[in-house]
Every structure is written in C-alpha cells, then in structure tokens.
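**Student:** Encoded as structure tokens, here's the structure I'll be asking about.
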C-alpha cells in the first residue's frame, strides 16, 4: 500500500554575498517567497520549507494550495526525492510518478522516440513494457514525424505533450502533479483532461499543486495550505479553500 510520511521536514537554500542581501530585501518587501534564516553553518538562507509534519494514506487525493512561492513545488520535489531536506525525515512508499517538470529524465539531443524509452526506464518500466506502449504514446502526442527529431527542436508545448503522454502511460502508486503540466492548446488539453482523470483513478495517492479551485474540486478531497514554507492548514478541500466558513478546519500553529 502506498503512503507518505514527513516528520519535521525543512529545506533551506543558502545564499552568498550580494545575492543574499538583494534577495533578503526582495523577500522582506514581498508577500510571497520563503523565510530568511540561517543554517547550521550560520550562512544566510531561504527556508523554502520549515518543520513540515504530514501523513498521507493510500487512496487519498490531496491538494497543495498557497500563494506563489509558498513551497508547493519544493514539497513536490521533496516527495519525488529530487530535494533532500536538511532536517527531518521523508518516507514515501510506492512507485512515484512525478508529473511536474517536463524536462525531468529527458535528453534534449535524443529523438522523441528515444526519450519515450529513456523516460519510461526512469519511471520504472521494463524495456518490454515500453516497446508495448510506444505506439499508443506516440499516437496520443499527435507529434507525427517530429518524434524522429531531437526534442531540443520542440516548442515547450510539444515537449509537454510528449512528457505528459509518457508519464500517464504508467500505473503510479504515488502521483505528484503540478497544474503547469496542463498548459497547452485547448483541443489537446481536452483530450489530456480525460487521460489525466483515468491516470489519477489508477493512482494510490495523488498530490496536486494548483491555483485552480475547479481543477482541485474535480480531483481532490483533502487540502494542505502552505504559507512561506510552513504548513498552516490541513482539512477537507472546501474548508481549506474557504477557511472563514469552516469550523472543522485543522489550523496548524507556527
């Protein structure tokens, strides 16, 4: 059974020299971004996540909400194993399908077809499984002859189509999704929405970062609100989206 547990997880990015002073000024004067602090070596740093305690069970569909810079993408990357926290423990059980960075596991010099194979291996598919799915993936992308060309020649939208088609061909146990992957032309996105819903239905756990209340309502039942790298609320989706109307929302003290 898939599961996620984080115990007092903190992620810091150290700053150096003039960049530390200029970024400090930008963050202090802004309503978004991480919190300025210092690490164990007394270096100035941005605390992108601070003291996150979190448990997600098999079958849960969880939304990450908060302002730009609140820590949503950082948390997704921690769950995917891309970022290693400076403090705390992360335990994720189950095959992870990260669907939030179109370049992850891709080679710009390789063709579209070769990238299907490369990213398929990255996602844990065997070579036989990849070859059995490659025609379906290719057809879904609608990229035709472009699949024989290096993906560095692709537009961002073409790369997104390819990445989306590959990632949604697996059976994930833990699905990590950012709404940005759904950007594209309307006709393709209508088709992608149907594929995404089937993909989510196969997942043991969904964690979705989004600013779209309608998208969250269609896929999630629980929500976590992040502010400046801290988890400040956890509860039913509608309660977290409209905290002033809720008496059951669990607010988490700083």
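Residue numbers (our numbering): 16 to 269. Heads up, the beta-carbon is just placed ideally off N, CA and C, and yes, glycines get one too.
#1: What residues in its chain sit with their C-beta under 7 Å from that of residue 35, if we drop five residues either side in the sequence?
#2: For residue 109, which residues of its own chain have a beta-carbon under 6 Å away from its beta-carbon, when the five flanking residues on both sides are left out?
#3: Alpha carbon to alpha carbon, what distance is there between residue 82 and residue 46?
#4: Please report how far the alpha carbon of residue 165 lies from the alpha carbon of residue 128, in whole angstroms.
#5: For residue 71, which residues from the same chain have a beta carbon less than 6 Å from its beta carbon, with the 5 sequence-adjacent residues on both sides left out?
#6: Which same chain residues end up closer than 6 Å to residue 226 when comparing Cβ atoms and leaving out the 5 residues on each side of it in sequence?
#7: Please identify the residue among 256, 232 and 231 whose C-alpha is closest to the C-alpha of residue 240.
#8: May I ask which residues mark the beginning and end of the beta strand (DSSP E) holding residue 70?
#9: Roughly how many angstroms separate the alpha carbons of residue 84 and residue 170, rounded to a whole number?
#10: Closer than 7 Å by C-beta to residue 154: which residues in its own chain qualify, once you throw out the five before and the five after it? Chain order, please.
#11: With a Cβ-Cβ cutoff of 8 Å, do residue 249 and residue 224 count as a contact?
#12: On the DSSP letters alone, give me the boundaries of the beta strand (DSSP E) that residue 77 sits inside.
#13: Closest by CA to residue 102, which one among 184, 24 and 205?
#14: Taking only the alpha-carbon atoms, compute the straight-line gap between residue 186 and residue 29 and give it to the nearest angstrom.
#15: Between residue 92 and residue 159, what straight-line distance do the alpha-carbon atoms span, to the nearest angstrom?
#16: Give me the Cβ distance between residue 235 and residue 211, rounded to the nearest whole Å; I'm assuming they're in contact under 8 Å.
#17: Quick one: residues in its chain with C-beta nearer than 7 Å to the C-beta of residue 167, no 5 flanking neighbours on either side, listed in chain order?
#18: Just tell me which of 233, 202, 177 and 184 has its CA closest to the CA of residue 196.
#19: Which residue or residues does DSSP assign as beta-bridge partners of residue 126?
#20: Buried or exposed, going by whether 16 or more other CB atoms sit within 10 Å of the CB of residue 174?
#21: If you follow the beta strand (DSSP E) that residue 103 is part of, which residue opens it and which one closes it?
#22: Using the DSSP secondary-structure output, state which residues sit across from residue 112 in a beta bridge.
#23: Tell me, which residues are paired with residue 21 by DSSP?
#24: Classify residue 31: buried if its beta carbon has 16 or more other beta carbons within 10 angstroms, exposed otherwise.
#25: If we cut at 8 Å on Cβ distances, does residue 121 have a partner in chain B?
#26: Beta-carbon within less than 7 Å of residue 181's beta-carbon, same chain only, minus the 5 sequence neighbours each way: which residues are those?
**Tutor:** So, from the data block:
#1: Only weak support is given to the placement of residue 35: the predicted model assigns it a pLDDT of 48, under 50, and the value that follows is read from those uncertain coordinates. These residues qualify, in order along the chain: 59.
#2: 17, 188, 189 and 219
#3: Note that residue 46 scores 40 on pLDDT, short of 50, meaning its location in the model is unreliable; the coordinates nonetheless yield the value given after this. Near 9 Å, if we compare the C-alpha coordinates of residue 82 and residue 46.
#4: 9 Å
#5: 19, 77 and 220
#6: none
#7: 256
#8: 59-72
#9: 26 Å
#10: none
#11: no
#12: 76-80
#13: 24
#14: 37 Å
#15: 32 Å
#16: Going by Cβ atoms, the distance from residue 235 to residue 211 rounds to 13 Å, so no, they are not a contact pair.
#17: 123 and 124
#18: 177
#19: 165
#20: buried
#21: 102-108
#22: 190
#23: 69 and 105
#24: exposed
#25: In summary, chain B is missing from the structure at hand, where a single protein chain is found.
#26: 131, 134, 135 and 152
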